[in-house]
Structure formats: structure tokens, C-alpha cells
Amino acid sequence: MAQTIAAVSTAVAPAGVSMIRISGDEALEVASRVFVPAGKKTLFDCKGYEALFGTVQQDGAVIDQAVALVFLAPHSYTGETVVEISCHGGIYVTRAVLRAVLESGARLAQPGEFTKRAFLNGKLSLTQAEAVIDLIEAKTRDASKAATSQLSGVLGKKINSVKDQLLKLAAHLSAWVDYPEDEIPEVDESEIVETAQTCYDEICALLDTYDAGRLIREGIDTVIVGKPNVGKSTLMNTLARYERSIVTDIAGTTRDVVEESVRLGDLLLRLSDTAGIRETDDRVEQIGVSIAKQRLAEASLVLAVFDGSSDWSEEDEELILMTADRPTVAIVNKNDLPSKTNMEKIQQSFDSIVEISAREESAAKSLEEAIRKKLSMEQIDPTAPMLANERQRSCAIAAKESLAGVLAAVRDGMTFDAVTVLVEEAIEAILTLSGERVTEAVVDQVFSNFCVGK
Ligand SMILES: Nc1nc2c(c(=O)[nH]1)N(C=O)[C@@H](CNc1ccc(C(=O)N[C@@H](CCC(=O)O)C(=O)O)cc1)CN2
Ligand SMILES: Nc1nc2c(ncn2[C@@H]2O[C@H](COP(=O)(O)OP(=O)(O)OP(=O)(O)O)[C@@H](O)[C@H]2O)c(=O)[nH]1
Ligand SMILES: [Mg+2]
4 MAQTIAAVST AVAPAGVSMI RISGDEALEV ASRVFVPAGK KTLFDCKGYE ALFGTVQQDG
64 AVIDQAVALV FLAPHSYTGE TVVEISCHGG IYVTRAVLRA VLESGARLAQ PGEFTKRAFL
124 NGKLSLTQAE AVIDLIEAKT RDASKAATSQ LSGVLGKKIN SVKDQLLKLA AHLSAWVDYP
184 EDEIPEVDES EIVETAQTCY DEICALLDTY DAGRLIREGI DTVIVGKPNV GKSTLMNTLA
244 RYERSIVTDI AGTTRDVVEE SVRLGDLLLR LSDTAGIRET DDRVEQIGVS IAKQRLAEAS
304 LVLAVFDGSS DWSEEDEELI LMTADRPTVA IVNKNDLPSK TNMEKIQQSF DSIVEISARE
364 ESAAKSLEEA IRKKLSMEQI DPTAPMLANE RQRSCAIAAK ESLAGVLAAV RDGMTFDAVT
424 VLVEEAIEAI LTLSGERVTE AVVDQVFSNF CVGK
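In C-alpha cells:
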């Protein structure tokens with residue numbers, strides 16, 4: 004019998020209402036020890052999804068007015084009997100209600116334990132549970148769309164279709180290998196190759212979604228680079244909507260990397276403002292410049308800033324060389340001043356150019372469009388099946404490798420015995436991906452990423 008657990012399931016912060024969730028076989032008993040209904044009806048009299056008004060009391064003293072909502076097993080989020088007590092949203096009141104519940108026989112839930120029980124009770128698949136984490140953490144519309152789609156099971160369906168094809172093939176293979184004298188139609192090579200190739204292609208397509216998914220979920224790792232004084236920090240501040248970086252007219256103002264997550268429309272950028280790149284004798288600045296170069300080499304997106312109002316320089320020339328093989332949007336800044344820079348040179352060197360004044364808010368809009376185009380964001384469909392994390396990705400890679408092995412084995416004329424082993428290996432990887440065959444350690448790992456109360 005699973006112990007009855009409880010936790011605050013809303014954010015603990017001053018708010019209108021907070022909710023304490025109690026789940027387990029004894030949820031009604033535990034809740035009834037602290038919740039006193041205003042009318043005659045008790046929690047035990049409630050049908051599922053029925054709520055009662057009353058007070059939360061401890062040792063005869065009223066802590067708060069509250070609403071208790073009853074879910075009867077198996078019809079709840081966790082699949083167990085659940086009582087949700089909604090109280091006033093003060094931090095003190097919420098904690099006091101939780102304490103009363105814990106003193107009445109429930110144990111404090113571990114992070115993710117409600118969702119873990121939902122998984123163990125078959126309410127959610129592992130990939131759906133992982134989608135719940137992503138949904139909670141989603142900061143943009145696309146990130147939340149992507150998580151909602153995975154929660155509705157689009158990834159699970161895709162995985163199942165691959166699994167079913169492989170199971171069918173494996174069954175046919177092993178029947179034929181085990182009972183060669185029976186009337187089982189011979190497995191022909193083209194059937195193996197066809198199935199393995201289709202599954203291989205589908206897994207590859209899924210793996211290709213991983214980077215797009217990361218851009219949506221985690222935001223785009225973006226570095227602002229350029230020679231000193233072009234307005235990098237000014238751009239950072241405009242995008243962050245506050246004075247994040249120090250701005251002066253002295254070249255060499257920024258030395259350390261200044262980081263901030265900013266939302267540009269529906270894009271999430273993890274921005275790094277860096278030291279202006281130039282030759283310098285200042286040791287501190289030298290370090291800043293070398294970190295800027297390193298960030299430039301690693302970032303998913305480079306914003307290369309030029310000062311449109313100053314003469315073309317050696318450093319601008321170098322920036323073109325440094326960004327040549329990087330995904331770059333060129334920014335010609337200070338377009339409120341007369342243009343002096345070498346626009347032709349910039350146009351020859353970059354396929355994505357925006358002219359802005361970093362001091363003006365309108366800069367954000369033009370930049371958003373350019374970035375969307377540069378990273379082909381329009382082509383990302385957040386509702387398509389997508390791999391959502393490293394765990395899923397490494398399972399998909401294992402499946403892909405086994406399938407490549409199947410194809411190679413057939414090509415090299417190996418026995419069907421050997422091929423069968425490889426097909427089964429691929430199935431194993433797929434079952435691990437879907438969560439149908441995972442170790443307890445993996446399950447614990449997945450759910451430990453959750454917050455308390457989920
Ligand atoms: N008050 C409240 N709101 C919430 C949640 C919650 O736990 N409590 N959820 C927490 O994330 C989400 C909703 N998740 C839920 C998932 C399943 C069931 C449920 O009762 N399932 C039944 C009935 C299904 C049906 O009728 O189709 C079942 O699975 O048998 C309830 C909430 C968002 N809103
Ligand atoms: N007229 C005008 N001035 C700007 C614009 N953007 C920045 N500036 C000015 O240019 C100077 C340098 O701006 P910063 O943002 O500090 O430049 P930076 O590229 O971060 O410089 P370093 O940190 O030294 O590398 C400041 O005086 C800004 O006010 C702009 O769009 N128009
Ligand atoms: Mg700066």
C-alpha cells in the first residue's frame with residue numbers, strides 16, 4: 004500500500020489561493036482530520052470531482068477557510084484517491100495547512116512524486132511525464148505548445164509505430180529461426196531491409212528534431228560580439244529592458260561576459276554581452292577579449308555588431324573573418340547617425356543584416372525577424388513529435404545504431420540468428436525510450452528533476 008503523501012502544489016508565494024494536494028489510499032481520512040465541512044456532508048460522502056466548503060482546523064483552532072476537492076481512485080491525476088485543499092494564498096497560511104496535514108498522517112511528497120505515481124499507475128507514459136516537466140518550465144508560447152503536444156502523446160505514438168514494426172519483424176524472424184520445418188512463410192531479406200530502413204529513417208528524423216526542440220525549450224545561446232564602442236552593451240540593455248550592462252563612450256567598457264535571458268517576441272535568447280574585440284595591452288581586457296572569441300566559437304547564434312557611423316576599420320575586417328563559418332546576424336548599429344561604414348563590404352559578407360539604433364526599442368522587432376529567418380525557426384513545428392531531453396536522445400541513438408547494424412548484417416550476408424539479436428537490441432532501446440522498460444534508477448532520475456508538489 005502506497006503511503007499517503009502531501010505537498011503544496013502551487014507556488015509558495017503571496018497569491019489569491021494556494022493548493023495542498025493529498026494523494027494515497029488514506030487521503031480522505033487524512034484530509035478529514037484537518038478539514039471541517041461547513042455543512043452536514045463529509046468528504047466521505049463526496050462523489051469524485053465534488054468539492055466542499057469548510058475550515059481547516061488543528062487542535063480545535065481554525066487556520067483558514069478552505070475548499071476541499073475530492074478525486075476518487077482511479078480517476079485523478081495520480082490514479083489514487085486525491086483530496087486537494089485550497090486555502091488562502093499567504094505563505095504562512097499555506098505552510099500551516101500543510102503542517103496540519105502532515106501531522107494528520109501524510110508524509111511530505113518528494114519532488115515529482117505525484118507524477119511518479121501517475122506514471123507507476125499507468126496514467127502517464129514516461130515521455131508524457133517528461134513533457135510535464137517541460138510544460139512547467141516553458142517560458143514561451145512555442146515551448147508550451149511543444150510540451151503540450153508531447154503531453155498529448157505525439158512522441159509516444161511515433162515511438163509505438165516504430166516499435167510495432169520492429170516487433171512484427173522480430174516475431175516473424177524468431178518464428179522462422181525457431182521452427183524452420185513449420186509452415187511459416189520464409190523471411191526474405193527485402194522484408195528485413197525494408198522494415199529496418201523505414202525505422203532507421205524515422206529514428207533519424209526524430210533525432211533531427213532534437214536541436215530544434217532545444218532552441219524552443221532552452222532558448223538560443225546567443226553572443227553579442229564586435230569591436231569596442233559599437234553599442235553591444237546598449238543592445239543588451241535594450242533587449243533586456245533594463246540597465247544590465249555598463250554603457251559608456253569609453254572603448255573597452257565591458258570586460259567580463261554579461262549574461263541575461265531575454266524574450267524577443269516568442270524567441271528566447273540566452274544573451275552574452277562580451278568585451279569589444281581588439282588588440283590591447285591591458286591584461287584584464289585581454290582576458291575579456293579571449294573569452295569573447297571563445298564564446299563566438301561556441302554560440303548557437305552570433306550577433307556581429309558594426310558601428311554604422313564610424314569608418315571601416317581593421318577590426319571590422321577581422322570580425323568578418325571570425326564570423327565567417329558561424330550562424331551570424333550582422334547588426335549595423337547607430338543608424339540614427341549619418342552612415343560612414345562600408346555597407347558594401349558588409350552586404351557581401353553576410354546573408355542576414357539588420358540596421359538599427361540599439362537605443363531604440365524597435366531594434367528588438369527587426370532583430371527578432373532576422374533571427375527567425377536565420378535559424379529557420381518558421382520551419383520548426385512545435386506540435387510535431389520531438390525528442391525532449393538527453394535521456395530520450397541517447398535511447399534514440401542506441402536504436403539507430405542497432406538498426407544500422409541490422410542493415411549491415413543483411414548486406415554482409417550474416418545469419419538470421421545474428422540479425423534477430425540486433426533487431427531485439429533495437430526494440431530494447433525503443434522500449435527504454437518509451438519508458439516501458441526502464442530501471443528504477445532511470446525513473447528516479449527523471450522524476451528528481453521535478454519540483455515539489457508536482
Ligand atoms: N485542481 C487541479 N487542477 C489541475 C491538475 C490537478 O491535479 N488538480 N492537474 C495536474 O497536473 C492538471 C490536470 N490533470 C489531471 C489529469 C487527470 C485527471 C483525472 O481525473 N483523470 C481521470 C479522468 C479522465 C477522464 O475523465 O477522461 C482518469 O485518469 O481516470 C485530473 C487532472 C491541470 N489542472
Ligand atoms: N547615436 C547612437 N549612439 C549609440 C547607439 N548605441 C550605442 N551608442 C553609444 O555608443 C557608445 C558605446 O556604447 P556601448 O554599448 O557601451 O558599446 P560596447 O560595444 O558595449 O562597447 P565596449 O563594451 O567598450 O566593447 C555609448 O556612448 C552609447 O551611448 C546608437 O544606436 N546610436
Ligand atoms: Mg560593452
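If you count by this note's numbering, then the sequence shown holds residues 4 to 457, one letter each, in order. Built from N, CA and C at the ideal position, the CB exists for glycine as well.
Exposure label - residue i; buried when at least 16 CB within 10 Å
i: N240; result: buried
i: G234; result: buried
i: C454; result: exposed
i: K230; result: buried
i: E372; result: exposed
i: E364; result: exposed
i: G456; result: buried
i: D447; result: exposed
i: T212; result: buried
i: F56; result: exposed
i: G2; result: Look at the range of the chain in this structure, 4 to 457, and you will see that residue 2 is not part of it.
i: T344; result: buried
i: L406; result: buried
i: L127; result: buried
i: T326; result: buried
i: A278; result: buried
i: G311; result: buried
i: E288; result: buried
i: I349; result: buried
i: S379; result: exposed
Own chain, CB closer than 6 angstroms to residue i, minus 5 neighbours either side, in chain order
i: A1; result: Because residue 1 is not part of the residues shown, which for the chain are 4 to 457, the question remains open.
i: T143; result: D269, L271
i: V250; result: S236, T237
i: F450; result: G115, K119
i: V33; result: T7, I25, S107, G108, A109
i: P388; result: V157, L158, K161
i: I334; result: L306, V308, V357
i: E87; result: M22, R24, L72
i: A141; result: S147, A150
Within 8 angstroms, strictly: CB atoms of residue i and residue j
i: A302; j: T225; result: yes
i: G255; j: T237; result: no
i: K166; j: I433; result: yes
i: Q382; j: L436; result: no
i: G93; j: G19; result: no
i: L129; j: K161; result: no
i: V332; j: L299; result: no
i: H1; j: V157; result: Here the chain comprises residues numbered 4 to 457, so residue 1 is not present and cannot be evaluated.
i: T257; j: S248; result: yes
i: G51; j: L75; result: yes
i: V308; j: I227; result: yes
i: S360; j: A367; result: no
i: V104; j: I23; result: yes
i: G216; j: A411; result: no
i: A173; j: A10; result: no
i: K377; j: S355; result: yes
i: D276; j: V292; result: no
i: L267; j: L370; result: yes
i: V531; j: F353; result: Lying outside 4 to 457, the shown extent of the chain, residue 531 is not represented and no answer is given.
i: P330; j: L304; result: yes
i: D252; j: N232; result: yes
i: Q61; j: V37; result: yes
i: G27; j: A5; result: yes
Close Cβ partners of residue i (< 8 angstroms) along its chain, the five nearest in sequence each way excluded
i: C460; result: Here the chain comprises residues numbered 4 to 457, so residue 460 is not present and cannot be evaluated.
i: P385; result: D145, A146, K148, A149, S152, I219
i: V413; result: E192, I195, V196, A199, V422
i: D67; result: T58, V59, C90, H91, V96, A99, V100
i: E246; result: N240
i: L322; result: V228, G229, K230, I280, A307, F309
i: L170; result: I430
i: E393; result: none
Cβ shell of residue i (< 7 angstroms), same chain only, five flanking positions each side left out
i: E29; result: T7, G108
i: L138; result: S147, A150, T151, L154
i: S313; result: K343, T344
i: I136; result: N452, F453
i: G408; result: L425
Requested in this report: Note down, one range per segment and in chain order, each alpha helix (DSSP H) of at least 4 residues found wholly within the segment 300-370.
Outcome: The qualifying runs are 317-326, 346-352.
Requested in this report: Mind the definition here: the segment 414-430 touches the segment 186-205 only if three or more C-beta pairs lie below 8 angstroms; say whether that holds.
Outcome: Yes: the two stretches touch, three or more of their Cβ pairs being nearer than 8 angstroms.
Query - Within the segment 62-90, ranges of the alpha helix (DSSP H) (whole runs, at least 4 residues) - result: The qualifying runs do not exist here; there are none.
Query raised in the report: What are the complete alpha helix (DSSP H) segments, minimum 4 residues, inside the segment 107-171?
Result: Listed in chain order, the alpha helix (DSSP H) elements of length 4 or more contained wholly in the segment 107-171 are 116-123, 129-140, 144-155.
Query raised in the report: Using 8 angstroms as the threshold, is the segment 73-85 in touch with the segment 37-45, meaning 3 or more CB pairs across them?
Result: No, they do not touch.
Query raised in the report: Along the chain, which unbroken stretches of the beta strand (DSSP E) at least 3 residues long are found entirely within the segment 216-258?
Result: Those beta strand (DSSP E) runs which fall completely within the segment 216-258 and span 3+ residues are 223-229.
Query raised in the report: Along the chain, which unbroken stretches of the alpha helix (DSSP H) at least 4 residues long are found entirely within the segment 365-427?
Result: For the segment 365-427, the full-length alpha helix (DSSP H) segments reaching 4 residues or more read 365-377, 393-414 along the chain.
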